[in-house]
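First the structure, in the form of structure tokens, and then the observations on it.
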Amino acid sequence: MADETQRPWWHDALIYQVYVRSFADANGDGIGDLDGIRSRLDHIASLGADAIWLNPCYPSPQRDHGYDVSNYFDIHDEYGTLDDFDALVSAADARGIKILMDLVPSHCSDEHRWFVAALAAAPGSPERARFYFRDGKGEHGEEPPNNWQAAFGGSAWTRINDDPNDGQWYLATFTPYQPDLDHTNPEVGQLFTEIFEFWFDRGVEGFRVDAVAGTGKHPDLPDQPPVGPDTGVLDITWQNPYSVFREEGHEAWRHFRASLDDYGQRHPDRELMMVAEAYAVRRPELIKKFTEPDQFDQMFSFDLMLTPWHKESIERAMQDPLEILESTGTPPAWTLNNHDIQRIVTRLGRSDADQPESWTNNNLALSGADADLALGERRSRAMAALIFALPGNLFLYQGEEFGLPEVLDIPADRREDPVFHRTDGAEIGRDGCRIPMPWTTDAATSYGFSTGRADGSVGEPWLPQPDGWGDRSLAALDDEAAPTLSLYRRLGDTRAKFAASQPMHATVFDGGPGVVAVRRGSLVVVVNPSAEAVELDLGRLGVSMDQVVLASEPLDAGSSTIPSDTTIWFVSSD
Ligand code: BGC
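As structure tokens, then:
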């Protein structure tokens, strides 16, 4: 039998996501930066991280906080320089931590030199052919070329001016500041080959590839068919069969694969990877398609992140990714949080979180139900203890180890997310999961977020931190041995000790009424998502209480019950 521990690092790594703008600010201007990340590497290492995924840190006008790239070959000036980046890569490497970057191929910024050149060039020019420029409809071209809607609200088309000779429109799936690139144009593919080379040469080990669902369009750009009457305004885009999950996109990914493999063949000591981001919840056929051998190494499994706190739903959320692992060998990429989603403590604390119908495929959908944060945090611990046991990569999002909740009451004039502004506030957007991190209890330094100025002064944090944020800081939690942070640390250790050597294979099985049960080699994990303690059926689970190696809540000595909202790990000695 093959040695289970001899697999590429990215088959079951722990990857810590850093939202650069909000992680740590080493020059005191209220905005996170690369030196700030370097100053906090010990914390990331203490969780057992194998790699860091950096949200986009390329030069950008920040209209969508870095997902509008104006130059793919440099560092955004608020975040530092290429030298600072190199220093971060080597400091991380010294701790055995790899760096993954975020690649944004579907669109660039309207300030990217290609788009500036396209606006200056004529219709039909090679400069415009890198994007989707089209004439409008109507007598004077005053109507958009088709009815497509933008993902963050409004039309997906923007007219460049009213000139009757050149009043063309361009396509932008998210906001007008993010024009879509046309990957059928070989120049576009070539640009991304060069981007790979540039960052791999600097020591980057891979990329999280953004928004792969919307790359590639039907060549005729036909009108989108009508959507159902209940379709939310931010869901319309994702139901467009002519612009979402298109075969044309897969052609682009094959080119990416070839570029990555070409680099890998020239550098056989490297183990490079690409993970695709798209919301393919309950659509395993899509994950299989994106992870065919000529495309991505893996694709996020967002099912568990979006599942309600409900037995059958949790079981269901694990089944597709595990089945894919079984049938194709593609390791799942599990995650419970990211920079686009309400934090799990708030989500799972909501009074409707245990209703099966609260399942959503909308990454921005928000339930307005009241949240009990203590309950949400307890459930989040149970969920973390589950995913740490599963085969595949774990992507943690900064602050989940502190049990940070979503910040819901940001004043409208401090909100930054284009989702809020482009829906006229109808959708509150994603700022609430991007609040600058609390590191200490010192309010004068934005709770340790901002440091570095000689006179000790700090700029206002780019998003406001709520009162009491310091109580959730690393320093405060360390002092009180807080249950969430200490569990994350124990999970890192226990995973390294007991899970990492288990096979890349796990099954969800019937462990008795009320509980979710998963077996992975000699590890059995049991979750009780119900509101009552449950007497464990040890015979059916095939375990005994003296095999417990970890529990997300204290257990009663001598008892064989699992408390409510709790996860237990059992490891048998054979
Ligand atoms: C990213 C978002 C971003 C969008 C457009 C998403 O998948 O995660 O943060 O706004 O793509 O690039």
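So the sequence shown is residues 4 to 577, counted in our numbering.
Every residue, glycine too, gets a C-beta built ideally from N, C-alpha and C.
The structure presented is a predicted model; accordingly, all values stated were derived computationally and were not measured.
Practice task
Measure the CB-CB distance between alanine 27 and serine 42 and report whether it falls below 8 Å.
Solution key: Result yes, Cβ atoms of alanine 27 and serine 42 sit closer than 8 Å.
Handout entry: Other residues of its chain near methionine 548: CB distance less than 6 Å, five sequence neighbours each side excluded
Key = Exclusion of the five residues before and after methionine 548 leaves Ser563 as the residues of its chain whose Cβ lies within less than 6 Å of its Cβ.
Exercise for the section: Give every residue of the same chain whose Cβ lies closer than 7 Å to the Cβ of aspartate 375, excluding the five residues on either side of it in the sequence, and list them in chain order. Expected result: Contacts found: Gly352.
Exercise for the section: Could you tell me if the beta carbon of aspartate 238 falls within a distance shorter than 7 Å of some heavy atom in the ligand BGC? Expected result: Because no heavy atom of the ligand BGC lies under 7 Å away, the Cβ of aspartate 238 does not count as near it: no.
Handout entry: Heavy atom of the ligand BGC within 7 Å of aspartate 213 beta-carbon
Key = Because some heavy atom of the ligand BGC lies under 7 Å away, the Cβ of aspartate 213 counts as near it: yes.
Problem - Alpha carbon of arginine 131 to alpha carbon of tyrosine 82, nearest angstrom - result: Going by C-alpha positions, arginine 131 is about 31 Å away from tyrosine 82.
Exercise for the section: Assign methionine 4 to one of three DSSP states: helix, strand, or coil. Expected result: Residue confidence is low: methionine 4 scores 36 on pLDDT, short of 50, so the model does not pin down where it sits. Its coordinate-derived value is still stated next. Of the three classes helix, strand and coil, the one that applies to methionine 4 here is coil, per DSSP.
Practice task
Give the straight-line distance between the Cα atoms of tryptophan 56 and arginine 211, rounded to the nearest whole angstrom.
Solution key: Between the C-alpha atoms of tryptophan 56 and arginine 211 there is a straight-line separation of about 7 Å.
Handout entry: Cβ-Cβ separation, alanine 520 to leucine 544 (assumed contact under 8 Å), whole Å
Key = The Cβ separation is near 6 Å, so the contact holds.
Practice task
From the DSSP output, read off the bridge partner residues of glutamate 538.
Solution key: Glutamate 538 is bridged by DSSP to Thr564.
Exercise for the section: Look up glycine 453 in the DSSP assignment and say whether it is helix, strand or coil. Expected result: Inspection of the sequence shows that residue 453 is occupied by serine rather than by glycine. DSSP, reduced to helix, strand and coil, places serine 453 within a strand of the structure shown.
Exercise for the section: Could you spell out the range, first to last residue, of the alpha helix (DSSP H) harbouring leucine 494? Expected result: For leucine 494, the enclosing alpha helix (DSSP H) has its first and last residue at 486 to 497.
Exercise for the section: Label phenylalanine 118 either buried or exposed according to how many other C-beta atoms from any shown protein chain fall within 10 Å of its C-beta, with 16 as the threshold for buried. Expected result: With 16 or more other Cβ atoms within 10 Å, it is buried.
Practice task
Could you pull the start and end residues of the beta strand (DSSP E) that tyrosine 400 belongs to?
Solution key: Per DSSP, tyrosine 400 belongs to the beta strand (DSSP E) from 396 to 400.
Practice task
Please say whether glycine 473 and glycine 31 have beta carbons closer to each other than 8 Å?
Solution key: Glycine 473 sits away from glycine 31, with the two beta carbons spaced by 8 Å or more.
Problem - Proximity to histidine 313 [Cα-Cα], best of Val527, Ser567, Ala509 - result: If we check each option's Cα against that of histidine 313, Ser567 comes out closest.
Practice task
Identify whether alanine 336 lies in helix, strand or coil by the three-state DSSP scheme.
Solution key: DSSP places alanine 336 within a strand segment (E or B) once states are collapsed to three.
Exercise for the section: Consult DSSP for threonine 349 and reduce its assignment to one of helix, strand or coil. Expected result: Three-state result, threonine 349: helix.
Practice task
Could you tell me which uninterrupted alpha helix (DSSP H) segments, each at least 4 residues in length, are contained entirely in the stretch 231 to 289, listed from first to last along the chain?
Solution key: Counting only runs of 4 or more, we get 250 to 269.
Handout entry: heavy atom of the ligand BGC below 7 Å from aspartate 482 C-beta
Key = No, the beta carbon of aspartate 482 sits no closer than 7 Å to any heavy atom of the ligand BGC.
Handout entry: Sub-8 Å separation of serine 330 and proline 359 beta-carbons
Key = No, the pair does not count as a contact, with Cβ atoms beyond the cut-off.
Practice task
Count the other C-beta atoms from every protein chain shown that fall within 10 angstroms of the C-beta of glutamine 268, then say buried if there are 16 or more, exposed otherwise.
Solution key: The Cβ neighbour count for glutamine 268, taken over all protein chains shown within 10 Å, is under 16; the residue is labelled exposed.
Practice task
Using 10 angstroms around the beta-carbon of glutamate 419, count the other beta-carbons present and answer buried if the total reaches 16, otherwise exposed.
Solution key: That one is buried.
Handout entry: Simplified DSSP assignment, three categories, for phenylalanine 201
Key = If DSSP states are grouped into helix, strand and coil, phenylalanine 201 belongs with the helices.
Practice task
Classify serine 576 as buried or exposed, calling it buried when 16 or more other Cβ atoms lie within 10 Å of its own Cβ.
Solution key: So serine 576 ends up on the exposed side.
Practice task
Please indicate yes or no: does the CB of valine 461 lie closer than 7 Å to some heavy atom of the ligand BGC?
Solution key: No.
Handout entry: Nearest to proline 441 (by Cα), restricted to the options Gly35, Gln9, His14
Key = Looking from the CA of proline 441, the closest CA among Gly35, Gln9, His14 belongs to Gly35.
Practice task
Reducing DSSP to helix, strand and coil, say where valine 410 ends up.
Solution key: DSSP places valine 410 in the coil class of the three-state scheme, outside both helix and strand.
Practice task
Please report how far the alpha carbon of aspartate 496 lies from the alpha carbon of phenylalanine 195, in whole angstroms.
Solution key: Roughly 38 Å between the two C-alpha positions.
Practice task
Name the one or two DSSP bridge partners that histidine 342 has.
Solution key: Paired residues: none, contrary to the question.
Handout entry: For arginine 205 and isoleucine 565, the rounded distance between their alpha carbons
Key = Rounded to the nearest angstrom, the gap between the Cα atoms of isoleucine 565 and arginine 205 is 49 Å.
Exercise for the section: Kindly indicate which three-state DSSP category tryptophan 151 falls into: helix, strand or coil? Expected result: DSSP places tryptophan 151 outside both helix and strand once states are collapsed to three, so it counts as coil.
Handout entry: Burial state of glycine 341 (16 or more Cβ within 10 Å)
Key = The displayed chain sequence assigns asparagine, not glycine, to residue 341. With 16 or more Cβ atoms within 10 Å of its Cβ, asparagine 341 is classed as buried.
Practice task
Would you mind reading off the limits of the beta strand (DSSP E) that contains threonine 84?
Solution key: Where threonine 84 is concerned, there is no enclosing beta strand (DSSP E), given that its DSSP letter is neither H nor E.
Exercise for the section: Kindly examine the ligand BGC and report whether one of its heavy atoms sits closer than 7 Å to the Cβ of aspartate 424. Expected result: Note that residue 424 is histidine in the sequence shown here, rather than aspartate. Checking every heavy atom of the ligand BGC against the Cβ of histidine 424, none is found closer than 7 Å.
Problem - Proximity test, tyrosine 70 beta-carbon vs the ligand BGC heavy atom, cut-off 7 Å - result: Under cutoff, so the answer is yes.
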